[in-house]
Amino acid sequence: MYTAPFQYRRAASVKEAEDMFSHSPDARYLAGGQTLIPTMKQRLAAPADLIDIARIGDLSFIRREASALVIGAATPHATVAASAEVESAIPALAVLAGEIGDPAVRHKGTIGGSIANNDPAADYPAAVLGLGASVKTTRRTIPADAFFKGLFETALEAGEIITEVSFPLPRRAGYAKFPNPASRYAMAGVFVADFGNAVRVAVTGAGPCVFRMTEMETALARQFAPEAIAGIAVSPDGLNGDLFGSAEYRANLVSVLAKRAVSAAML
Amino acid sequence: MAALSLTVNGQSVNADVEDRTLLVHFLRDHLHLTGTHVGCDTSQCGSCVVHVNGRAMKSCTLFAVQVDGDNIETIESLAKDGALHPVQAAFQEHHGLQCGFCTPGMIMTAVDMLARHEQLDDATIRRELEGNICRCTGYLNIIKAIRSVAEAR
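So the sequences go chain by chain: Z and E. Residues 291 to 557 (the working numbering) make up the first sequence, in order. Residues 57 to 209 (the working numbering) make up the second sequence, in order.
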């Protein structure tokens with residue numbers, strides 16, 4: 291299957307990439323391409339210029355800092371999943387990265403590409419919001435709570451490039467996902483992080499955009515255990531309904547997966 | 057058009073291709089390496105799996121220009137001097153193929169998973185095969201074949 295014609299450019303640095311972008315009337319950045327290329331093959335996207343930022347060497351790294359784990363935007367999922375650094379700092383993040391797509395997709399897809407795309411059923415947004423990460427770009431640092439704006443929509447401006455994501459280190463965290471059996475995307479996925487003085491709960495796959503469950507956060511801050519949230523009803527209002535599951539079904543999944551995520555964090 | 061310079065199955069290749077040429081079409085239509093198959097063409101089935109710098113990737117979801125300068129290995133790289141690769145021999149021994157359409161992708165995925173795991177139990181093999189679909193549903197013998205290679209090491 292062929293996409294619409296485009297001109298490919300490979301950027302050697304983020305500065306060069308931004309220059310290329312500003313000189314094109316219709317450019318898209320290409321990271322791992324595991325979502326963008328299928329979208330282009332379906333002709334749902336047809337940029338005139340494709341600027342490859344996956345080869346920018348200093349965008350692929352994993353770095354442990356005193357109170358954070360920092361991951362370069364072009365780091366592939368498989369690298370995060372297999373990283374001893376991630377495993378020791380935030381094991382739930384390694385679990386999440388290892389459940390994205392399939393092994394071949396994980397070898398190419400990147401964390402920056404995933405969160406810039408903000409697919410409502412993607413896994414990484416749950417970790418970024420659930421851990422209250424900071425998204426560093428070529429222009430500024432955006433807190434997770436201000437980054438995810440809606441369906442496939444983020445706070446990124448035209449031409450702005452994510453360079454790294456900084457995850458604060460939780461005391462413990464867990465991720466539980468119910469994958470669509472065909473696509474492996476989340477029918478629903480819940481990331482729970484306990485920071486000692488506060489708990490964050492982020493839900494992906496269930497709604498048009500990743501969101502927090504503040505009622506669960508309050509309950510878990512009082513008692514970090516699955517039974518603490520067993521009585522919290524999840525409203526199907528505004529949740530996704532499709533041929534794979536109704537909004538009511540997804541609401542129930544959120545409740546079940548939140549409990550599983552808490553259990554996973556307690557292991 | 058883009059001028060490509062890459063290594064395919066150990067040989068240097070230079071070619072001019074349209075920027076939108078997918079890696080799988082470059083391999084099949086330009087280099088006539090037709091062992092790599094196009095199954096679903098939507099990143100789901102894994103028939104098109106090849107190795108890029110030693111890592112399994114779906115060649116229907118990569119543009120050839122993205123792998124300019126890289127080292128590509130396809131199913132044609134495995135057999136040496138007429139002798140099957142151990143994974144190919146195991147698929148033959150354990151009847152790990154029926155119609156054979158998914159087989160090149162299954163084997164390239166298997167070689168990759170064997171390289172990344174010192175030990176492979178059935179649950180891990182099944183999980184690692186999530187991106188490969190066999191329409192004949194011949195999974196049991198595929199798993200048996202991969203396990204036999206892991207155990208024989």
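A virtual CB, placed ideally from N, CA and C, is assigned to each residue, including glycine.
Where does residue i sit, in a helix, a strand or coil, going by DSSP?
i: P526(Z); result: coil
i: F534(Z); result: coil
i: D126(E); result: coil
i: V455(Z); result: strand
i: I432(Z); result: strand
i: A476(Z); result: strand
i: R462(Z); result: strand
i: I352(Z); result: strand
i: G521(Z); result: coil
i: G486(Z); result: coil
i: I189(E); result: coil
i: A336(Z); result: coil
i: I327(Z); result: helix
i: F501(Z); result: strand
i: V63(E); result: This sequence places Thr at residue 63(E); Val is not what is there. Note: T63(E) maps to strand in three-state DSSP.
i: I199(E); result: helix
i: R183(E); result: helix
i: Y319(Z); result: strand
i: A166(E); result: helix
i: D72(E); result: strand
i: R550(Z); result: helix
i: A208(E); result: helix
i: A171(E); result: helix
i: R512(Z); result: helix
i: F437(Z); result: helix
In or out: residue i buried (at least 16 other Cβ within 10 Å) or exposed?
i: L419(Z); result: buried
i: A497(Z); result: It is Gly, not Ala, that sits at residue 497(Z) in the sequence shown. The residue in question, G497(Z), is buried, as its Cβ has 16 or more Cβ neighbours within 10 Å.
i: G66(E); result: exposed
i: A305(Z); result: Inspection of the sequence shows that residue 305(Z) is occupied by Lys rather than by Ala. Flag for K305(Z) reads exposed.
i: A179(E); result: exposed
i: M556(Z); result: exposed
i: K136(E); result: exposed
i: T117(E); result: buried
i: Y465(Z); result: buried
i: Y298(Z); result: buried
i: C101(E); result: buried
i: K439(Z); result: exposed
i: A301(Z); result: buried
i: Q148(E); result: exposed
i: S312(Z); result: exposed
i: L76(E); result: For the sequence presented, residue 76(E) should be read as Arg rather than Leu. Classification of R76(E): buried, given that the 10 Å Cβ count is 16 or more.
i: D435(Z); result: exposed
Residues in the same chain with beta-carbon distance under 6 Å from residue i, minus the five sequence neighbours each way, listed in chain order, please.
i: G403(Z); result: A321, G322
i: K426(Z); result: T453, E454
i: L176(E); result: A206
i: Y475(Z); result: A411
Using a Cβ-Cβ cut-off of 7 Å (strictly less than) and excluding sequence neighbours within five positions of residue i, which residues of its own chain qualify?
i: H150(E); result: N197, K200, A201, S204
i: L459(Z); result: S357, A358, L359, A379, I380
i: H93(E); result: S103, C104, F157, P160, G161
i: A518(Z); result: A509, L510, R512
i: V80(E); result: T92, V94, C104, S115, C116
i: V524(Z); result: A541, V544, S545
i: G531(Z); result: A537
i: I390(Z); result: H367, R396, G399, D413
i: R345(Z); result: R300
i: E129(E); result: N65, V106, H107
So, for residue i: in the same chain, excluding its five sequence neighbours on each side, which residues have a beta-carbon less than 8 Å away from its beta-carbon?
i: R84(E); result: T90, T92, V94
i: V143(E); result: L134, I163, A166, V167, L170, A201, I202, V205
i: A338(Z); result: F296, Q297, S314, P315, D316, A317
i: R429(Z); result: E447, E450
i: I352(Z); result: L359, V360, I361, G362, T365, T369, V370, S373, E375, V376
i: D484(Z); result: P460, R461, R462, A463, L510, F514, A555
i: V73(E); result: M57, A58, L60, F82, H86, A120, V121
message = Give the list of continuous alpha helix (DSSP H) stretches no shorter than 4 residues that lie fully inside the segment 354-421 of chain Z.
response = Runs of alpha helix (DSSP H) with 4 or more residues, each lying fully within the segment 354-421 of chain Z, are found at 367-371, 374-379, 381-387, 393-398, 401-407, 414-420, listed in chain order.
task = Return the residues of the segment 121-140 of chain E that lie within a Cβ-Cβ distance of less than 7 Å from chain Z, sorted by chain order.
result = Cβ contacts with chain Z: V121, Q122.
inquiry  = Counting only Cβ-Cβ distances shorter than 8 Å, please list the residues of the segment 389-409 of chain Z near chain E, keeping chain order.
reply    = Here the close residues are G391, D392, P393, A394, V395, H397, K398.
query = In the segment 450-478 of chain Z, which residues sit with their C-beta less than 8 Å from some C-beta in chain E, listed in chain order?
reply = Within the segment 450-478 of chain Z, the residues whose Cβ lies closer than 8 Å to some Cβ of chain E are A472, S473, R474, listed in chain order.
request  = Could you please tell me which residues of the segment 76-101 of chain E, in chain order, have their CB closer than 9 Å to any CB of chain Z?
outcome  = The segment 76-101 of chain E vs chain Z, Cβ under 9 Å: R76, T77, L78, H81, V94, D97, T98, S99, Q100.
request  = For the segment 334-345 of chain Z, enumerate the residues whose C-beta is nearer than 7 Å to any C-beta of chain E, in chain order.
outcome  = The residues in question are D342.
request  = Return the residues of the segment 304-324 of chain Z that lie within a Cβ-Cβ distance of less than 8 Å from chain E, sorted by chain order.
outcome  = Residues of the segment 304-324 of chain Z with a Cβ closer than 8 Å to any Cβ of chain E, in chain order: L320, G323, Q324.
Within 8 Å of chain Z by C-beta, residues of the segment 145-171 of chain E in sequence order = Cβ contacts with chain Z come from T165, D168, M169.
Short-range partners of chain Z found in the segment 177-197 of chain E, where Cβ spacing is below 7 Å = Of all residues in the segment 177-197 of chain E, the ones placed with a Cβ closer than 7 Å to any Cβ belonging to chain Z are E184, E186, G187, in chain order.
request  = Jot down the residue ranges of each uninterrupted beta strand (DSSP E) in the segment 80-163 of chain E, minimum 3 residues, whole runs only, in chain order.
outcome  = When DSSP assignments are scanned along the segment 80-163 of chain E, the uninterrupted stretches of beta strand (DSSP E) that are 3 or more residues long and fall wholly within it turn out to be 105-108, 111-114, 127-129.
request  = Using a Cβ-Cβ cut-off of less than 8 Å, list which residues of the segment 351-366 of chain Z approach chain E; keep chain order.
outcome  = Near chain E, meaning a CB-to-CB distance below 8 Å, no residue of the segment 351-366 of chain Z qualifies.
query = Taking Cβ-Cβ distances below 7 Å as the criterion, which residues of the segment 292-303 of chain Z are in contact with chain E?
reply = Cβ contacts with chain E: Y292, T293, P295, F296, Q297, Y298.
ask   = Name the residues in the segment 61-75 of chain E whose C-beta lies less than 9 Å from a C-beta of chain Z; which are they?
value = Answer set for the segment 61-75 of chain E: E74, D75.
task = Using a Cβ-Cβ cut-off of less than 8 Å, give me the residues of the segment 407-432 of chain Z that come near chain E, in sequence order.
result = From the segment 407-432 of chain Z, no residue has a Cβ closer than 8 Å to chain E.
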